[in-house]
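A.B. asks: Below you'll find the structure I mean.
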Amino acid sequence: MADRVYVIGVGMTKFEKPGRREDWDYPQMAKESGTRALEDAGIPYDQVEQTYVGYVYGESTSGQRAVYELGLTGIPVVNVNNNCSTGSAALYLAAQVIRGGLADCTLALGFEKMQPGSLGATFTDREQPLMRHMGALAEISEVILPPAPWMFGAAGREHMKTYGTTAEHFAKIGQKNHRHSVNNPYSQFQDEYTLEDILGSRMIYDPLTKLQCSPTSDGSGAAILASESFVDRNNLAAQAVEIVGQAMTTDFRSTFDGTAKNIVGYDMNVQAARRVYEQSGLGPEDFQVIELHDCFSANELLLYEALGLCGEGEAGSLIDNNETTYGGRWVVNPSGGLISKGHPLGATGLAQCAELTWQLRGTADKRQVEGVTAGLQHNIGLGGAAVVTAYQRAER
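And the structure:
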């Protein structure tokens, strides 16, 4: 019988513009987030039995160097890289070990120290992982660099052509997430903008303007996971949040079916969400708060449909009716999301976990959503992997 998995401690750094904090290298980032998570859990590092550390940009065994700031205990430390879903991939592995009865307490930690500007290739002497995806998209869309805004922007254009979605719908998502970030002290940006500001900012790839695109960021996040017996032994039920469903998917044949939305992971997201709903017994209507992967506003719009918040082609109506902000059916990205909170790739999924843990505990301060009983997390990396996780308070 699979063991139950609980989040007992979370911590993160403020997400920063790359290079903004002097003498803030990845070991210092990891120490900051990891120490906060351990303090939140109320346990020392020597109770952690395995650690999974996510980062995209860095040398081999950077994960070990990072967590050595927390302690030198000889435990297994596994380095994880899954593009933009790296943090959630580390979370998935740390949970899997507990679920399988191989450990009682694990740490998932993610960090990123990034270069300013658009993402670029590090190794240019070999095929890039996204070449097949980009080649498939090039058959149905003009090729524009850098690739990320082109790929998600093309999916947005496809939705506009198919369903009549407008540039204003995408801009409203950017406006919402920037507005939410005003109340998040961990957010890279904490400025509110008008819809005109969003629409009038520099065009990156039509319909995506700069204020609808996630920035490069430095930062770290961490989560301590535990088994039910560990929670009971240490009297942690009052703060524990249970992972009641979790799934990771990678690309299907449908990824290359000739649609832009599947090239950027739509079907991966659908399948991962379905598995989580089956595992948890919960449906979209049972969640009050959602942290999802809004690397670009176009992706958030597509995710409303992929996660089942509405039917295909109905996301525009959801936005126009303010159903994804405070006062609506769901509060999506109360943290400000990737667009405003920032997107240090290895840390993103763990920051989402932290936000949902605080929401379920009722400790999210000005961002707190009323009556939270369940939270949903989505994180994706092209090339590709999608991770969806459902959470509930332990006592429920």
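Just so you know, the sequence shown maps onto residues 1 to 396 in the UniProt record's numbering.
Glycine residues also receive a C-beta, built at the ideal position from the N, C-alpha and C atoms.
1) Given ARG99, which residues of its chain have a CB within under 7 Å of its CB, disregarding the five upstream and five downstream residues?
2) Give every residue of the same chain whose Cβ lies closer than 7 Å to the Cβ of GLN352, excluding the five residues on either side of it in the sequence, and list them in chain order.
3) Should GLY349 be labelled buried (16 or more other beta-carbon atoms within 10 Å of its own) or exposed?
4) Using 7 Å as the threshold, is the C-beta distance between VAL387 and SER88 below it?
5) If you drop the 5 nearest sequence neighbours on each side, which residues of the same chain put their C-beta closer than 6 Å to that of ASP251?
6) Quick one: is ALA238 buried, meaning 16 or more other Cβ sit within 10 Å of its Cβ, or exposed?
7) Ignoring anything shorter than 3 residues or poking outside the stretch 260 to 305, list the beta strand (DSSP E) runs there in chain order.
8) With distances taken from CA atoms, which of GLU196, THR255, CYS105 is nearest LEU130?
9) Flag this pair as yes or no: are the beta carbons of ALA298 and GLY156 separated by less than 7 Å?
10) Just curious, the beta strand (DSSP E) that GLN359 is in, first and last residue?
11) Kindly give me the distance between the Cβ atoms of LYS113 and ASP218, rounded to whole angstroms, as I take these residues to be in contact under 8 Å.
12) Return the first residue and the last residue of the beta strand (DSSP E) that LEU107 is part of.
13) Might you give, ordered along the chain, the residues of its own chain that have their beta carbon closer than 6 Å to the beta carbon of ARG396, omitting 5 neighbours on each side?
14) Between ASN269 and PHE152, what straight-line distance do the alpha-carbon atoms span, to the nearest angstrom?
15) How many Å lie between residue 414 and ASN79 at the Cα?
16) Can you list, in chain order, the residues of its chain whose CB lies under 6 Å from that of GLY283, leaving out five sequence neighbours each side?
17) So for ALA89, helix, strand or coil by DSSP?
18) Taking C-beta to C-beta, are GLY336 and SER187 nearer than 7 Å?
19) Ends of the beta strand (DSSP E) at residue 397?
20) By Cβ distance, which residues of its chain are closer than 7 Å to ASN333, with the 5 residues on each side in sequence left out?
21) Mind listing, in chain order, the continuous alpha helix (DSSP H) runs of no fewer than 4 residues lying wholly within the stretch 165 to 251?
22) Could you pull the start and end residues of the alpha helix (DSSP H) that ILE319 belongs to?
23) Quick check on GLN368: does DSSP put it in helix, strand or coil?
24) DSSP three-state label for ARG21, please.
25) Under a three-way DSSP split, which group does GLY311 fall into?
26) So for GLU323, helix, strand or coil by DSSP?
27) Please look up how many angstroms separate the CB atoms of VAL56 and VAL67, rounded, as I've assumed it's under 8 Å.
28) If you count every other CB in all the chains shown that lies within 10 Å of the CB of LEU195, and 16 or more means buried, which is it?
C.D. replies: Once the coordinates are examined:
1) On the sequence shown, residue 99 is found 99 positions in, with the first residue counted as 1. Here the set comprises ALA2, ASP3, VAL5.
2) Sequence index remark: in the sequence shown, residue 352 carries index 352 (1-based). Contacts found: GLU291, GLN377, ASN379.
3) If you number the sequence shown from 1, residue 349 lands on position 349. Its Cβ being crowded by 16 or more others within 10 Å, GLY349 is buried.
4) Here residue 387 is taken as the residue at index 387 of the sequence shown, counted from 1. Here residue 88 is taken as the residue at index 88 of the sequence shown, counted from 1. Yes, the Cβ-Cβ distance between VAL387 and SER88 is below 7 Å.
5) Residue numbering aside, residue 251 sits at position 251 when the sequence shown is read from its first letter. The answer, listed in chain order, is GLY384.
6) For the purposes of this step, residue 238 is taken as residue 238 along the sequence shown, with counting starting at 1. The residue is exposed, with fewer than 16 neighbouring Cβ atoms inside 10 Å.
7) 289 to 291
8) For the purposes of this step, residue 130 is identified with residue 130 of the sequence shown, where counting begins at 1. Answer by Cα proximity: THR255.
9) As a first step, residue 298 must be located in the sequence shown, where it is residue number 298. As a first step, residue 156 must be located in the sequence shown, where it is residue number 156. Yes.
10) Here residue 359 refers to the residue found at position 359 when the sequence shown is read from its first residue. GLN359 -> not in any beta strand (DSSP E); alpha helix (DSSP H) instead, spanning 345 to 361.
11) Position 113 of the sequence shown, counted from the first residue, corresponds to residue 113. Position 218 of the sequence shown, counted from the first residue, corresponds to residue 218. So it is a contact: roughly 5 Å between Cβ atoms.
12) If you number the sequence shown from 1, residue 107 lands on position 107. Segment 105 to 112, the beta strand (DSSP E) holding LEU107.
13) By one-based count along the sequence shown, residue 396 stands at place 396. At ARG396, the pLDDT of 47 sits below 50, so the modelled position is not reliable; the number obtained from the coordinates is stated separately. Taken in chain order, the list of residues that qualify is empty.
14) For this step, residue 269 is matched to residue 269 along the sequence shown. For this step, residue 152 is matched to residue 152 along the sequence shown. If I take the Cα positions, the gap works out to 14 Å.
15) In the structure as shown, the chain starts at 1 and stops at 396, and residue 414 therefore has no counterpart that could be examined.
16) Taking the first residue of the sequence shown as position 1, residue 283 is located at position 283. Excluding sequence neighbours, GLY283 sits near TYR277.
17) Mapped onto the sequence shown, residue 89 falls at position 89. Residue state, collapsed to three classes: helix.
18) For the purposes of this step, residue 336 is identified with residue 336 of the sequence shown, where counting begins at 1. For the purposes of this step, residue 187 is identified with residue 187 of the sequence shown, where counting begins at 1. Yes, Cβ-Cβ distance for GLY336 and SER187 is below 7 Å.
19) Here the chain comprises residues numbered 1 to 396, so residue 397 is not present and cannot be evaluated.
20) As a first step, residue 333 is located in the sequence shown; it is residue number 333 there, counting from the start. ASN177, HIS180, GLU291, LEU292, ASP294, listed in sequence order.
21) 167 to 181, 195 to 200, 228 to 233
22) Reading the sequence shown from its first residue, position 319 is the one you call residue 319. Segment 315 to 320, the alpha helix (DSSP H) holding ILE319.
23) Sequence index remark: in the sequence shown, residue 368 carries index 368 (1-based). Coil.
24) Start at 1 with the first residue of the sequence shown, and residue 21 comes out as number 21. If DSSP states are grouped into helix, strand and coil, ARG21 belongs with coil.
25) Here the question's residue 311 lines up with position 311 in the sequence shown. Coil at GLY311, not helix or strand.
26) Numbered from 1 along the sequence shown, position 323 holds the residue referred to as residue 323. Note: GLU323 maps to coil in three-state DSSP.
27) Here residue 56 refers to the residue found at position 56 when the sequence shown is read from its first residue. Here residue 67 refers to the residue found at position 67 when the sequence shown is read from its first residue. Not quite, the Cβ-Cβ distance comes to about 17 Å (not below 8 Å), so this is no contact.
28) One-based indexing of the sequence shown puts residue 195 at position 195. It is exposed - the Cβ of LEU195 has fewer than 16 other Cβ atoms within 10 Å.
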